[in-house]
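Asks: Residue numbers (our numbering), protein chains in the order written: chain A, 1 to 276; chain B, 1001 to 1155.
Every residue, glycine too, gets a C-beta built ideally from N, C-alpha and C.
The structure presented is a predicted model; accordingly, all values stated were derived computationally and were not measured.
1) Using a Cβ-Cβ cut-off of 6 Å (strictly less than) and excluding sequence neighbours within five positions of residue 156/A, which residues of its own chain qualify?
2) Taking 7 Å as the cut-off, decide whether the C-beta atoms of residue 151/A and residue 22/A are in contact.
3) Mind listing the chain A neighbours of residue 1023/B? Cutoff is C-beta to C-beta under 9 Å, in chain order.
4) By a C-beta neighbour count over all protein chains shown, 10 Å radius and 16 as the cutoff for buried, is residue 1029/B buried or exposed?
5) From which residue to which residue does the beta strand (DSSP E) around residue 1124/B run?
6) Compare the C-beta of residue 1100/B against all C-beta atoms of chain A and say whether one is closer than 7 Å.
7) Could you check whether the Cβ of residue 1149/B sits closer than 7 Å to any Cβ belonging to chain A?
8) Looking at the unbroken beta strand (DSSP E) that takes in residue 1065/B, where does it start and where does it end?
9) Considering only their Cβ atoms, is the gap separating residue 75/A from residue 61/A smaller than 7 Å?
10) With a cut-off of 7 Å, does the C-beta of residue 1031/B fall near any C-beta of chain A?
11) Is there a Cβ of chain B sitting closer than 7 Å to that of residue 22/A, yes or no?
12) Assuming residue 1159/B is part of the beta strand (DSSP E), what are its boundary residues?
13) Using a C-beta cutoff of 7 Å, does residue 277/A count as contacting chain B?
14) With hydrogens ignored, establish whether the beta-carbon of residue 1119/B is closer than 6 Å to any heavy atom of the ligand GTP.
15) Which residue wins for smallest C-alpha separation from residue 229/A, given the options 1115/B, 1131/B, 1077/B, 1151/B?
16) When you compare the CB positions of residue 1146/B and residue 149/A, do they come within less than 7 Å of one another, or not?
17) Applying the criterion that 16 or more other CB atoms from any shown protein chain within 10 Å of the CB defines a buried residue, is residue 1070/B buried or exposed?
18) Could you spell out the range, first to last residue, of the beta strand (DSSP E) harbouring residue 1155/B?
19) Closest Cβ-Cβ distance between residue 60/A and chain B: below 7 Å?
20) I'd like the span of the beta strand (DSSP E) that includes residue 97/A, first residue to last.
21) What distance in whole Å lies between the Cβ atoms of residue 1065/B and residue 1148/B, which are believed to be in contact at a cut-off of 8 Å?
22) Indicate the three-state DSSP secondary structure (helix, strand or coil) for residue 1079/B in the structure shown.
23) Can residue 233/A and residue 218/A be called in contact, C-beta distance under 7 Å?
24) For residue 152/A, which residues in chain B fall below 8 Å Cβ to Cβ?
25) If you count every other CB in all the chains shown that lies within 10 Å of the CB of residue 237/A, and 16 or more means buried, which is it?
26) Since residue 1055/B contacts residue 1097/B with CB under 8 Å, what's their CB separation in whole angstroms?
27) For residue 181/A, tell me which candidate among 258/A, 269/A, 94/A, 276/A has the shortest Cα-Cα distance.
28) Which of the three DSSP states, helix, strand or coil, is assigned to residue 259/A?
29) May I have the straight-line CA-CA distance separating residue 1117/B from residue 1060/B, to the nearest angstrom?
30) Within the continuous beta strand (DSSP E) that includes residue 107/A, where are the two ends?
31) With a threshold of 7 Å between beta-carbons, can residue 113/A be considered close to chain B, or not?
32) Which class does residue 144/A belong to by DSSP, given the choice of helix, strand or coil?
33) The beta strand (DSSP E) with residue 1055/B in it runs from where to where?
34) State yes or no: is the beta carbon of residue 1154/B nearer than 7 Å to at least one beta carbon in chain A?
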């Protein structure tokens, strides 16, 4: 290859331009729509110095856990009538928009459920897809140009539509724990009861023989069907010996409007563990 | 006074919910390969403070977030020319302190990863991405583009 061409190519590929900021901030992080109002809103904010091109869509999915106990989203492209999907009848207005730098915009969500929809809770995922302003490709095609990696960010949040009276609960079973490194790893089986997802908080505590709480954990959780989540309690600095693991689920969420949290009594279990 | 309070509450009401509840990802820095020569692969480590891709993620404390990259195998250039782009087992990293040198979790960006946000008020963390571009000896000069998709699921 001629030396000049090598240099030109090197110059061309070396000119990787900075990324135009992409992605928007979304609030709230879960949307609840009531059958009486049939509408909701989300607010989008573009914190970047470039306009953000946004497309909003819906899909059906709900959280489950994988074989390691990590949360993953189970999606169903074509949910049948046995699945409580609202994805087909909740729409965003507008569905496409551009938000100027440092500006915010409210997007309205309108539900048009089918006639005769039974009472219950129906789920969807709201996907806010953001593409940043494109960088120009300059220069002649065979000489100086720029390399461009575009980024599309899809922010995926939960949406629930409630019609009529709904109830929730959770069955807790198979509580177990194992000491790994400086953590006590805890699993349990959680199965939703009732007609609505169980939305609450998992709390765990390690209590020593004197009754003192030596380590705690608190994490938000949503049990839609069944799951076996994994949590890790720190055991760093704890003396060897027997401890009680206290584990509970409560319908408290500081990050959600209390009006949308369905209250039920706490569910608890405990387990004696030995730390080496 | 009452009118003033109303105005203040409306103003705060318009501003606070987003600040207090915001979730999202913003691209901070492109994955940049620097000077590339035909026939010479260029590798950018996720720990490269200048050239690695960086994405900042905002959410609520202790919340689980699933990250899935959809990565191009090639970038496309002039006259449909392509340039291979590859990602490996250790090319994505998560820093709860937004420091490129403090990545507490690393993973293969070709697979999904679920992370738990720190137990701090309104946490903001960073994701770093590295990769490798492999221009051929006879790579056609011109502009090459590709699209990286980042799917972020807030549970």
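Replies: Quick answer:
1) Take residue 156/A, set aside five residues on each side of it, and the residues of its chain with a beta-carbon closer than 6 Å to its own are 125, 127, in chain order.
2) By the CB criterion at 7 Å, residue 151/A and residue 22/A fall inside the cutoff.
3) Simply 25, 26, 27, 28, 29, 155, 157.
4) It counts as buried.
5) Start and end: 1124 to 1129.
6) Cβ-Cβ to chain A under 7 Å: no for residue 1100/B.
7) Cβ-Cβ to chain A under 7 Å: yes for residue 1149/B.
8) It spans 1064 to 1070 - the beta strand (DSSP E) in which residue 1065/B sits, taken as one unbroken run.
9) Going by C-beta atoms, residue 61/A is nearer than 7 Å to residue 75/A.
10) Chain A, which has a Cβ nearer than 7 Å to the Cβ of residue 1031/B, makes this yes.
11) Nearest CB-CB separation between residue 22/A and chain B: below the 7 Å threshold.
12) Since the first and last residues shown for chain B are 1001 and 1155, residue 1159/B lies out of range.
13) Beyond the ends of chain A as shown, which are 1 and 276, falls residue 277/A; an answer cannot be given.
14) Looking at this structure, you won't find the ligand GTP or any other ligand, since it has none at all.
15) It is 1115/B.
16) Yes, these two residues count as a Cβ contact at 7 Å.
17) By the neighbour-count definition (other C-beta atoms within 10 Å, threshold 16), residue 1070/B is an exposed residue.
18) First-last for residue 1155/B: undefined, no H or E at that position.
19) Output row for residue 60/A: interface = no.
20) That run of the beta strand (DSSP E) goes 96 to 99.
21) Between residue 1148/B and residue 1065/B a beta carbon distance of about 18 Å is seen, past the 8 Å cut, so the two are scored as non-contacting.
22) In the three-state DSSP reduction, residue 1079/B falls in the helix class (H, G or I).
23) With respect to the 7 Å criterion, residue 233/A and residue 218/A are not classified as neighbours on the basis of their beta carbons.
24) For residue 152/A, the chain B residues whose Cβ falls inside 8 Å of its Cβ are 1147, 1148, 1149, 1150, in order along the chain.
25) By the 10 Å Cβ count, residue 237/A comes out exposed.
26) Wrong, their Cβ atoms sit about 15 Å apart, outside the cutoff.
27) It is 276/A whose Cα lies nearest to the Cα of residue 181/A.
28) Helix, per DSSP.
29) Roughly 7 Å separates the two Cα atoms.
30) First-last of the beta strand (DSSP E) with residue 107/A: 104 to 111.
31) Chain B places no beta carbon closer than 7 Å to that of residue 113/A, leaving this residue out of the contacts.
32) Confidence at residue 144/A is low in this model, with a pLDDT of 40, below 50, so the placement of that residue is unreliable and no value is reported for it.
33) Looking at the DSSP string, the run of the beta strand (DSSP E) that includes residue 1055/B is 1053 to 1058.
34) With 7 Å as the cut-off, residue 1154/B counts as an interface residue toward chain A.
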